[in-house]
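Asker:
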Amino acid sequence: MPIFFRIELEDGILKNFYEEAKDLSFADRGKLLMNTASEIIDAHEQLAQEGQTAAPQENAPVYHHFVAFVAKDGSLWELDGRKSIPINHGPATEDTMLENAAKICGQYMERDPEDLRFTMIALVANE
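Under the UniProt record's numbering, the first residue of the sequence shown carries the number 1, and numbering increases by one thereafter.
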């Protein structure tokens, strides 16, 4: 059983979204997310205003963040919020994207093989 199904959610936006979305198709979940986005954004902005952490300096190392890999226009692109522009990692198609992205992730992990602070998630279409 996936871990998400074992998490007990407190009353709130996430629990409401989960309860509404759990029996929907993927397309309908996406539509629900679009309709719920303003509530999620408002909650995020409210929490961000609490100032729990100071924003890092522009060139300071950031160890915990998210990147995404996408295949677009025949290339594999890395979207990294720390970078000012997307990074083109070369040719890729929808069919080769996963393998190509895994190679790039492997190169990043080789930089510090003792560091285990990473997670990879693949979001794919339900076929």
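Note that beta-carbon positions come from the ideal geometry of N, C-alpha and C, so glycine has one too.
Can you tell me the Cα-Cα spacing of E99 and R111, whole angstroms?
Answerer: For E99 and R111, the distance between alpha carbons rounds to 19 Å.
Asker: Can you have a look at F118 and say buried or exposed, based on whether 16 or more other CB atoms are within 10 angstroms of its CB?
Answerer: Under this definition F118 is an exposed residue.
Asker: Would you say R29 and A37 are within 8 Å of each other, going by their C-beta atoms?
Answerer: No; because the gap between Cβ atoms is not below 8 Å, this pair is not in contact.
Asker: Residues in the same chain with beta-carbon distance under 7 Å from P86, minus the five sequence neighbours each way, listed in chain order, please.
Answerer: Once the five neighbours on either side are set aside, the close Cβ partners of P86 are W77, E78, L79.
Asker: Less than 8 Å separating the beta-carbons of L24 and L33?
Answerer: Going by C-beta atoms, L24 is not nearer than 8 Å to L33.
Asker: Output the distance between the C-alpha atoms of G83 and F17, rounded to the nearest integer angstrom.
Answerer: For clarity, residue 83 is Lys in the given sequence; the question names Gly instead. Roughly 31 Å separates the two Cα atoms.
Asker: M97 and F69: beta carbons closer than 8 Å?
Answerer: Cβ distance < 8 Å, so M97 and F69 count as in contact.
Asker: Going by C-alpha distance, which of L9, G81, F26 is nearest L123?
Answerer: Taking only the C-alpha atoms, the option nearest L123 is F26.
Asker: Mapping DSSP to helix, strand and coil, what is M1?
Answerer: Confidence at M1 is low in this model, with a pLDDT of 46, below 50, so its placement is unreliable and no value can be given for it.
Asker: Could you name the residues of the same chain whose beta carbon sits closer than 7 Å to that of S75, not counting the 5 residues immediately before and after it, in chain order?
Answerer: For S75, where only same-chain residues beyond five positions count, the Cβ hits under 7 Å are N88, G90, P91, A92.
Asker: Under the DSSP definition of a beta bridge, which residues are partnered with L79?
Answerer: DSSP lists A68 as partners of L79.
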